[in-house]
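Step one of this worksheet: look at the structure below.
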Amino acid sequence: MATDISRERIDGRSRLWTLATAALSLLPLLLQIPGGLASAIALAAVLVSALSWRKPMPAMLRLLLALLVLAAVFSQMGFRFGRDTGCALLAAMIAIKPSETSTLRDARSLIGFALFAPFSAFLLDQGPLTMLLGLLSVLCALLTLQRLADVESQSLAGTATPLRALAAVGKLMAIGLPLVLSVFWLFPRLGSPLWGVPERAMSRPGLSDSMTPGGWLDLMADDNPALRAEFFGPRPALQDMYWRGPVLWDFDGRSWTQAYAMRQLPAAPPPRSNVVWDYQIEFEPTDRRQLVALDLPHAAPAGAFLSQDYSLYSTTPLNALSRWRLRSSPPANFQPQLDAGARRRALELPAGYNPRTLALARQWRHEAGTDDGAIVRRALDWVKREFAYTLDTPLPGRNSVDEFLFDQKQGYCEHFSSSFVVLMRASGIPARVVTGFVGGVRNPIGGYWVVRNMDAHAWAEVWLAGRGWVRVDPTAAVAPERVYDTLEERLGAGAGGNDPLPTLGDFSDWMRRGWNDLVLGFNADRQQRLLQPFGMDRLDGGRLGALFAVFALAALGWMGWLLARGERERDPLLRAWHRLTRRYARLGLARRPHEPALDWAERVAAARPQSADTLIPLSRRFAQTRYAAAVGDAALLNDLRRHRP
3 MATDISRERI DGRSRLWTLA TAALSLLPLL LQIPGGLASA IALAAVLVSA
53 LSWRKPMPAM LRLLLALLVL AAVFSQMGFR FGRDTGCALL AAMIAIKPSE
103 TSTLRDARSL IGFALFAPFS AFLLDQGPLT MLLGLLSVLC ALLTLQRLAD
153 VESQSLAGTA TPLRALAAVG KLMAIGLPLV LSVFWLFPRL GSPLWGVPER
203 AMSRPGLSDS MTPGGWLDLM ADDNPALRAE FFGPRPALQD MYWRGPVLWD
253 FDGRSWTQAY AMRQLPAAPP PRSNVVWDYQ IEFEPTDRRQ LVALDLPHAA
303 PAGAFLSQDY SLYSTTPLNA LSRWRLRSSP PANFQPQLDA GARRRALELP
353 AGYNPRTLAL ARQWRHEAGT DDGAIVRRAL DWVKREFAYT LDTPLPGRNS
403 VDEFLFDQKQ GYCEHFSSSF VVLMRASGIP ARVVTGFVGG VRNPIGGYWV
453 VRNMDAHAWA EVWLAGRGWV RVDPTAAVAP ERVYDTLEER LGAGAGGNDP
503 LPTLGDFSDW MRRGWNDLVL GFNADRQQRL LQPFGMDRLD GGRLGALFAV
553 FALAALGWMG WLLARGERER DPLLRAWHRL TRRYARLGLA RRPHEPALDW
603 AERVAAARPQ SADTLIPLSR RFAQTRYAAA VGDAALLNDL RRHRP
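Quick note, the sequence shown lines up with residues 3 to 647 if you use this note's numbering.
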């Protein structure tokens, strides 16, 4: 009775290949989930693999292990289900899957589940590193599956050198490459997906609709790009690069939030200016709707809208890389008429907070009379004279503004902008907090500007009669080098000089932008303009479908022709023997179809005595392995491959 080899215990080397494949598949996914949780999952995978090396873990222990990893994931991610929570659960389940892996069938099951990991990683990141790691994991999985198939068939293929196995898998992947490229470039793309992608349970770094002084430390330590900007024509000076984001009106004594009623109102007429900046921003995904634009944008691009306070929002969540073409001008006479509702909102303060600030504001108002500008200048002079910039600040108490202005006198942009606006409102001057980014670093290779998460900034706007809303940045008054400058700028050429020498980071970001442009930015509109260089303006859905059908059928025909040139001998030992005989056939010593291996070898030896010492023993070993049910070995297969006449 034949035995089912797939149920027999897997050998040590095949198990090692299987675990390595699972680990490589997990890597791109672990890089996208929180670091502490990723480390715990990786540690669990190592421990489970070691404890179950000799035999599977007991069922009750596996159940307990599953419950523990579930608890770890939900304790880190919370109980809100999203893309990142689902991906973390998948990674945890794959990590403990080796606990029940002992046979060939189990190994195939583990590889099949592990391949979900690199594909799931694309739900969280579509960068080149994720793609590279995903391709490597798929390649490793194919190599491992090939080895498992060889072991199950009890052939000697599993003893092939890694380079030979890699070449075989590489050929198979190359055969399918034309079809893959046809699908990517020509399969008609939809302007919007058929289904929505679930949001993240834990939001990505980015600007939000609220601000609490002291809450931006993680964001200001993040040097990942938030956006890239390319200018067409003149660009603003570095000190004018204020990227306007959410405007915060409402203060509860601790946190600032947006006034959602303002979002529904139409934007005020844009200020007129002779200076116009024409630019395109490439915005990194945040899963939110807040966009930014140079202060102040003329109008919202397609797919976005401007609120009454000139905050820019996307109509859909920004869960993928997006590009926006904009025009902006420096703010001048911005909303010189303020309606009663906006004025009332811009003066509101919660009762019972910050009595020392309110008393100081009343004193200043009494001394300044009706001169609002004098109060603004006095506040800036005070900040510049007595305050300092630092990220090392204590947690705020109930009267956070009083503590900052009269006790600490040091902090960063959140503290400065929040306290300044409270002081202005208490003085009777309409004011609000504006968040966004400031500055940027020019990439000397690509000629574009990179604005990072750490460039997040908050400033104030005050409303002055005859001038409208005026930007006031108290942080710049005390630490202009922190607001307008960066380490790269100080070490390089600065804001207006020649480009510094490119760094490895510049090259890496330039490569990432090229990937964004070539792959992630290839949307339905660009696909329809694919043949524009050849004189065809746009391709509609019908033409794209026909073009795809032509190239897909050609690719399938190519694949069929390559596979049908002659069915490959499945037994690697017999395949190596046939190759050996073909080498002698070129010398006129081909083996006759009915001729036994040893007889043919003796005939060749008579014609070529120099081959007798190696060919006859090889033929005898082959005949014994092939026809006498002898056990073959790797040495025979390698000797057949290496033998030359």
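Glycine included, every Cβ here is placed at the ideal spot set by N, Cα and C.
All of these numbers come straight from a predicted model, not from anything done at the bench.
Cβ-Cβ distance between residue i and residue j below 8 Å
i: V1; j: A433; result: Outside the modelled stretch of the chain, which goes from 3 to 647, sits residue 1, for which no answer is possible.
i: A228; j: W451; result: no
i: L31; j: S122; result: yes
i: S309; j: R265; result: yes
i: P271; j: Q260; result: no
i: A348; j: C415; result: no
i: L125; j: R85; result: yes
i: T288; j: L320; result: yes
i: V385; j: N356; result: no
i: R593; j: T583; result: yes
i: M59; j: L53; result: yes
i: P352; j: F253; result: yes
i: L135; j: L29; result: yes
i: S210; j: L117; result: no
i: H150; j: V171; result: The question names His, but residue 150 is Leu in the sequence shown. In this structure, V171 does not lie closer than 8 Å to L150 by Cβ.
i: E102; j: R56; result: no
i: R246; j: G438; result: yes
i: Q529; j: R17; result: no
i: R11; j: T105; result: yes
i: A557; j: P180; result: yes
i: A97; j: A47; result: yes
Residues near residue i by beta carbon distance below 8 Å, same chain, minus five either side
i: T317; result: R291, G305, A306 and F307
i: L39; result: A74, V75, Q78, M79 and A90
i: S330; result: V278, W279, Y281, A295, L296, D297, L298, P299 and H300
i: Q412; result: F389, A390, Y391, T392 and T395
i: L92; result: L31, F118, A119 and S122
i: R581; result: L642 and R643
Burial state of residue i (16 or more Cβ within 10 Å)
i: D615; result: exposed
i: L296; result: buried
i: H368; result: exposed
i: D539; result: exposed
i: N226; result: exposed
i: S518; result: Checking the sequence shown, residue 518 turns out to be Asn, not Ser. N518 comes out buried.
i: H417; result: buried
i: M426; result: buried
i: F234; result: exposed
i: E463; result: buried
i: M243; result: buried
i: T146; result: buried
Beta-carbon proximity list for residue i, same chain, < 7 Å, skipping 5 on both sides
i: D508; result: N445, P446 and I447
i: P268; result: Q310
i: L589; result: P647
i: L21; result: S51 and P100
i: I177; result: M561 and L564
i: W512; result: N445, I447 and G448
i: E604; result: I618
i: T359; result: V403, D404, L407, V424, L425 and A428
Cβ neighbours of residue i in the same chain (closer than 6 Å, five flanking residues each side left out)
i: S324; result: F285
i: W258; result: M213, L250 and V435
i: M133; result: none
Helix, strand or coil at residue i [DSSP, three-state]
i: G247; result: strand
i: A618; result: Strictly speaking, residue 618 in this sequence is Ile, with Ala absent from that position. Residue state, collapsed to three classes: helix.
i: L314; result: strand
i: L70; result: helix
i: L489; result: In this predicted model, L489 has a pLDDT of only 38, less than 50, meaning its place in the structure is not dependable enough to derive any value.
i: M426; result: helix
i: Y414; result: coil
i: H368; result: helix
i: Q299; result: Residue identity differs from the one stated: residue 299 is Pro in this sequence, not Gln. Reduced to three states, the DSSP call for P299 is strand.
i: W445; result: For the sequence presented, residue 445 should be read as Asn rather than Trp. Note: N445 maps to strand in three-state DSSP.
i: W451; result: strand
i: E284; result: strand
i: L91; result: helix
i: Y355; result: coil
i: Q339; result: coil
i: G438; result: strand
Anticipated Cβ contact below 8 Å, residue i with residue j, distance rounded
i: S613; j: P647; result: 6 Å
i: L466; j: G547; result: Going by Cβ atoms, the distance from L466 to G547 rounds to 60 Å, so no, they are not a contact pair.
i: L522; j: Q128; result: 5 Å
i: G470; j: N335; result: 5 Å
Minimum Cβ-Cβ distance from residue i to chain B less than 8 Å
i: A143; result: No chain B is present in this structure, which holds just one protein chain.
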